[in-house]
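Peer 1: This note's numbering puts the first residue of the sequence shown at 16, with every later residue one more than the last.
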Amino acid sequence: MVTRKTNGRAAKVRSFSATDEDTAMLEAVARYHGFSKSATLVGLVRREFWRLFPAGTGDIKPARGARVKA
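Okay, structure coming up:
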């Protein structure tokens with residue numbers, strides 16, 4: 016299943032494996048922030064990606080106009 020977002024990027028349904036405790040932690044963090052579990056995971060991954068690769072990678076470039084710290 017592919018869902019088209021308003022910015023033109025398509026979101027695909029994915030799955031992952033996690034322990035019951037990990038899932039409970041994810042649900043607690045998502046509930047605290049008021050996000051879905053999916054949005055919470057994506058937000059955390061994006062934040063960590065840009066922390067590790069502030070200038071992007073070969074395939075992933077910073078958004079136009081983004082401040083890049085090299």
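Backbone N, C-alpha and C fix where the C-beta goes; we use that ideal spot for every residue, glycine too.
Treat the numbers as computed from the prediction; the structure is a model and nothing was measured.
1) Can you look up residue 52 in the DSSP assignment and give me helix, strand or coil?
2) Can you have a look at residue 38 and say buried or exposed, based on whether 16 or more other CB atoms are within 10 angstroms of its CB?
3) My parser needs the alpha helix (DSSP H) runs of 4 or more residues fully inside the region 28-74; what are they?
4) Return the CA-CA distance between residue 52 and residue 62, expressed in angstroms with no decimal places.
5) Alpha carbon to alpha carbon, how far is residue 40 from residue 84?
Peer 2: Concretely, from the data shown:
1) If DSSP states are grouped into helix, strand and coil, residue 52 belongs with the helices.
2) exposed
3) Qualifying alpha helix (DSSP H) stretches, in chain order: 35-48 and 52-67.
4) 15 Å
5) 32 Å
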